[in-house]
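In what follows, a single structure is set out as structure tokens and then discussed.
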Amino acid sequence: MTIFRPCIDLHQGQVKQIVGGSLNDEGAQTNFISQYDAAYYAGLYKEHLLTGGHVIALGQGNDEQAKKALAVWPQGLQFGGGVTVENASHYIEAGASHVIVTSALFEGGEFSFSKLEAIKAEVGADKLVLDLSCRKTESGWHIATNRWQTITSLAVNSDTLVELSKHCAEFLVHAADVEGLQGGIDEELVRLLGQHTTIPVTYAGGARSLADLLRVHELSRGKVDLTIGSALDIFGGKGVTLDECIEWNHRQQ
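The numbering of the sequence shown is the working numbering, which starts it at 86 and goes up by one.
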């Protein structure tokens with residue numbers, strides 16, 4: 086059954102909601118900057134038992150905020166953003182239930198199974214989430230690294246999903262082209278994920294209302310969960326409230 090999964094996106098040391106495709110060295114197009122820190126949101130999610138959420142550090146300067154969130158709810162949040170084989174265990178020790186990894190698994194734009202094996206050896210596949218965030222190309226979706234600016238050769242397709250599911254606990258998939266735009270989910274991508282994933286997977290990108298939870302449930306046959314960011318009231322959005330998402334989860338569970 087599709088459930089709502091919460092998020093805390095950190096950029097330049099603040100909780101923000103951004104347009105994913107705009108993120109670069111100079112900054113990003115921003116939809117929302119919170120007056121609250123990451124610990125506040127972690128506490129809110131803990132209070133309502135919203136499990137399986139993720140803290141994502143977008144660039145440098147976010148480590149302090151990330152660790153505050155993880156300390157508020159040990160084992161309640163996943164962490165991603167700059168995770169490498171050298172620091173992965175550090176974030177597990179800081180309280181992350183899982184680490185989320187993308188860029189560290191690529192070398193020269195090519196996926197490296199040796200790097201994957203190294204991270205697995207460090208934290209275990211049961212604590213590893215593979216971030217398959219992607220952008221649409223003429224040949225389909227391809228994983229995008231380096232803050233979604235570098236499109237790699239690895240396609241998000243049935244073969245990739247089946248093979249990589251053997252090496253991790255979950256997938257996290259941001260549709261970078263629609264992330265933060267509140268223009269609707271990428272229905273084709275959600276359908277693909279639902280058809281070919283056998284492990285938990287969270288989709289993020291474009292959600293704008295409670296109806297998107299139902300739509301993801303229908304498209305994926307309940308196999309894909311949904312993150313809602315910019316449209317959510319706690320992030321300045323007007324499309325859906327956190328209370329509505331909590332009620333949705335209660336009905337599903």
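Where a beta carbon is used, it is the ideal one built from N, C-alpha and C, also for glycine.
The model shown is predicted, which means the values in this text are computed figures rather than measured ones.
- Message: With distance defined between alpha-carbon atoms, name the residue in Leu162, Tyr176, Gly161 nearest to Val375.
- Response: Nothing about residue 375 can be reported from this structure: the residues present for the chain run from 86 to 338 only.
- Message: Taking contact to mean 3 or more Cβ pairs, one atom from each stretch, closer than 8 Å, check whether the segment 290–299 and the segment 253–269 are in contact.
- Response: A contact exists between the segment 290–299 and the segment 253–269.
- Task: Could you tell me how far apart the beta carbons of Ala254 and Leu213 are, in whole angstroms, since I believe they sit closer than 8 Å?
- Result: With a Cβ gap of about 6 Å, Ala254 and Leu213 count as contacting.
- Task: Pick out the complete beta strand (DSSP E) segments inside the segment 295–327, 3 residues or longer, and give them in chain order.
- Result: Counting only runs of 3 or more, we get 309–312.
- Query: Using CA coordinates, which residue listed in Gly314, Glu132, Glu171, Gln337 is at the minimum distance from Lys308?
  - Reply: Selected option, being the one with the closest Cα: Gln337.
- Helix, strand or coil: how does DSSP classify Ala173 here? helix
- If you check the beta carbons only, do Thr115 and Asp310 fall under 7 Å apart? The Cβ-Cβ distance between Thr115 and Asp310 does not fall below 7 Å.
- So, are the CB atoms of Thr187 and Asp148 less than 7 Å apart? no
- Task: Going by CA-CA distance only, name the one from Ile93, Ala124, Thr222, Asp262 that's closest to Gly165.
- Result: Ile93
- Message: With H, G and I counted as helix, E and B as strand and the rest as coil, what does DSSP make of Gln102?
- Response: strand
- Specify, as a first and last residue, the run of the alpha helix (DSSP H) that Asp244 falls within. 243–249
- Contact between the segment 273–281 and the segment 233–243 (3+ Cβ pairs under 8 Å): yes
- Please look up how many angstroms separate the CB atoms of Val157 and Gly138, rounded, as I've assumed it's under 8 Å. With 8 Å as the limit, Val157 and Gly138 do not qualify as a contact, their Cβ atoms being about 12 Å apart.
- Please report the Cβ distance between Ile284 and Ser305, rounded to the nearest whole angstrom; I am assuming they are in contact, meaning their Cβ atoms lie under 8 Å. Actually they do not touch by this definition, with Cβ atoms about 13 Å apart.
- Message: Can you look up Gln114 in the DSSP assignment and give me helix, strand or coil?
- Response: coil
- Item | Trp158, DSSP secondary structure in three states | coil
- Query: Would DSSP call Gly138 helix, strand or coil?
  - Reply: In the structure shown, Gly138 adopts extended strand secondary structure according to DSSP, grouped into three states.
- Message: Pull the bridge partners of Val258 from the DSSP assignment, please.
- Response: Tyr288
- Message: Using a Cβ-Cβ cutoff of less than 7 Å, which residues in the same chain neighbour Ile185 once the five nearest sequence positions on both sides are dropped?
- Response: Same-chain partners within the cutoff: His139, Gln163, Phe164, Gly165, Val168, Val214, Asp216, Leu257.
- Item | Start-to-end residues for the beta strand (DSSP E) that takes in Arg220 | 219–222
- What residue does the alpha helix (DSSP H) around Ala124 start on, and which one ends it? 123–132
- Query: Run through DSSP, which three-state label would Ala229 get?
  - Reply: strand
- Message: Per the DSSP calculation, Gln163 is bridged to which residue(s)?
- Response: According to DSSP, Gln163 bridges with His139.
- With distances taken between CB atoms, is the gap from His30 to Ile331 smaller than 7 Å? Nothing about residue 30 can be reported from this structure: the residues present for the chain run from 86 to 338 only.
- Item | As assigned by DSSP and simplified to three states, the class of Ser119 | coil
- What are the boundary residues of the beta strand (DSSP E) that includes Ile185? 184–186
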